[in-house]
Amino acid sequence: MTWHIMGAGSMGCLWTAQFLKAGMKPTLLLREQRLHTLQTKDPVLAIEELDGTTHHYPINLESPQSLTTSIEYLLVCTKAQDAEAAVHSVADQLSDQCQILLMQNGLGSQQAIAQHFSSQTVWAASTTEGAWMKDFLHVCHAGHGSTWIGPMGHTPDESTWQGLRSSLEKLPVDIQYTHPIELKLWDKLAVNCAINGLTALYDCKNGELLDTEERRARLAALTEEVTQVRSAAGIPTPGNLLELVKQVCRDTAMNNSSTCMDARQGRKTELTFINGYLIEQAAKLGVKTPANQQLMRELANLGIQ
Ligand code: PAF
Numbered sequence: 006m007t008w009h010i011m012g013a014g015s016m017g018c019l020w021t022a023q024f025l026k027a028g029m030k031p032t033l034l035l036r037e038q039r040l041h042t043l044q045t046k047d048p049v050l051a052i053e054e055l056d057g058t059t060h061h062y063p064i065n066l067e068s069p070q071s072l073t074t075s076i077e078y079l080l081v082c083t084k085a086q087d088a089e090a091a092v093h094s095v096a097d098q099l100s101d102q103c104q105i106l107l108m109q110n111g112l113g114s115q116q117a118i119a120q121h122f123s124s125q126t127v128w129a130a131s132t133t134e135g136a137w138m139k140d141f142l143h144v145c146h147a148g149h150g151s152t153w154i155g156p157m158g159h160t161p162d163e164s165t166w167q168g169l170r171s172s173l174e175k176l177p178v179d180i181q182y183t184h185p186i187e188l189k190l191w192d193k194l195a196v197n198c199a200i201n202g203l204t205a206l207y208d209c210k211n212g213e214l215l216d217t218e219e220r221r222a223r224l225a226a227l228t229e230e231v232t233q234v235r236s237a238a239g240i241p242t243p244g245n246l247l248e249l250v251k252q253v254c255r256d257t258a259m260n261n262s263s264t265c266m267d268a269r270q271g272r273k274t275e276l277t278f279i280n281g282y283l284i285e286q287a288a289k290l291g292v293k294t295p296a297n298q299q300l301m302r303e304l305a306n307l308g309i310q
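Anchor point for the sequence shown: position 108 equals 113 in our numbering, and the numbering is continuous, going up by one each time.
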């Protein structure tokens with residue numbers, strides 16, 4: 006049972022390391038150009054654990070072009086804006102029974118992939134695992150979390166569920182299966198709508214969003230708009246989204262959000278799939294989103310997109 010993993014960032018490397026720890030032999034897919042610039046014939050993935058120890062694992066690297074076998078299980082850990090192109094780049098190698106597991110922030114990319122690859126089974130995941138990259142192929146595990154997985158689109162039959170479950174059962178990760186996954190993706194969307202853009206705007210750690218009255222008020226306004234859009238879209242909100250957002254700020258207080266890091270390094274952020282997605286859905290549903298729109302304008306004025 007071989008998993009192919011796309012995206013050599015923090016989540017891609019963290020999950021690759023979990024497969025390696027479980028004694029499985031995943032293949033990490035890199036861009037052809039990246040693969041060619043590697044200096045070594047025996048690449049190693051390093052993971053720094055929460056207790057400070059570092060483990061090194063020999064790792065199988067390929068590019069979509071160099072692959073000779075078909076893909077049965079594909080985990081996509083790229084940024085949201087790169088996910089569709091990534092799956093298309095291996096479309097010819099996907100087996101008919103291929104299971105595609107998407108692990109992106111935000112919403113929009115998952116639906117597009119599920120729609121296009123309707124003959125394969127597409128799953129989406131929402132995770133609270135924390136990780137950051139120290140260097141290329143050197144990941145630091147920043148915090149244990151939980152991961153929820155559920156199908157996008159049509160409901161898979163029992164043997165497909167079982168196939169996915171058994172392919173992941175040895176991983177040293179807390180995985181919960183849920184259907185529909187949309188509820189979890191919307192919970193995560195609320196967290197990302199509130200935290201990611203603001204941490205980029207204030208160039209601060211997640212926990213620092215709770216430091217001032219102004220920041221707390223902005224967190225609340227952004228989250229309230231997610232609740233309104235979600236409810237207009239007919240997606241129930243079982244708990245208190247603002248409490249969830251604040252809890253994530255506390256749990257990841259010392260972390261820099263992925264968007265804050267992207268902004269610092271001048272990279273394109275995932276905000277189009279986060280606040281951008283919310284604003285687009287709100288417009289279709291006739292819901293106003295002034296707090297999210299103002300945040301996007303302020304970020305654009307700083308050149309953060
Ligand atoms: O994008 C991120 O950085 C994470 O999803 C989160 C939850 C905001 C924690 O930093």
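For each residue, glycine too, the CB sits at the ideal point set by N, CA and C. All of these numbers come straight from a predicted model, not from anything done at the bench.
Taking C-beta separations shorter than 7 Å and ignoring five residues to either side along the sequence, the partners of V250 in its chain run A195, V196, A199, I200, L224, T228, following chain order. Where N260 is concerned, there is no enclosing beta strand (DSSP E), because DSSP gives it neither an H nor an E. Secondary-structure assignment with DSSP links Q104 through a beta bridge to Y78, T126. As computed with DSSP, T152 is found in a beta bridge with T132, I180.
As computed with DSSP, H61 is found in a beta bridge with A51. Selection I10, Y207, C103 evaluated against F122 yields C103 as nearest (Cα-Cα). Distance from L106 to V81 at the Cβ level is roughly 7 Å; contact confirmed, criterion being Cβ atoms closer than 8 Å.
For the set G158, N260, M108, L35, the Cα lying nearest the Cα of F141 is the one of L35. Note: T294 is not bridge-paired with any residue in the DSSP secondary-structure output. In its chain, beyond the 5 residues on either side, Q115, A119, V127, A129 have a beta carbon closer than 6 Å to the beta carbon of M157. Around P63, the same chain offers D47, V49 as residues with beta carbons nearer than 7 Å, after the five sequence neighbours per side are excluded.
Distances from the alpha-carbon of S124 to those of T152, T7, T160 put T160 closest. If you draw a straight line from the Cα of L206 to the Cα of L304, it is about 6 Å long. Per the DSSP secondary-structure output, I10 pairs in a beta bridge with L33, L80. Ranked by how close their Cα comes to the Cα of L276, the residues P69, L112, Q167 have L112 in first place. If you keep only unbroken alpha helix (DSSP H) runs of at least 4 residues inside the segment 224 to 291, you get 246 to 256, 263 to 269, 280 to 290. In the structure shown, the three-state DSSP call for V144 is strand. If you draw a straight line from the Cα of N211 to the Cα of G291, it is about 31 Å long.
Counting along the chain, H121 sits inside the alpha helix (DSSP H) bounded by residues 114 to 121.
By alpha-carbon distance to L25, the top candidate from Y282, P185, A287, M6 is M6. Each residue's CA atom was taken as its position, placing S131 and L190 some 6 Å apart. With contacts defined as CB atoms closer than 7 Å, T257 and T264 fail to qualify as a contacting pair.
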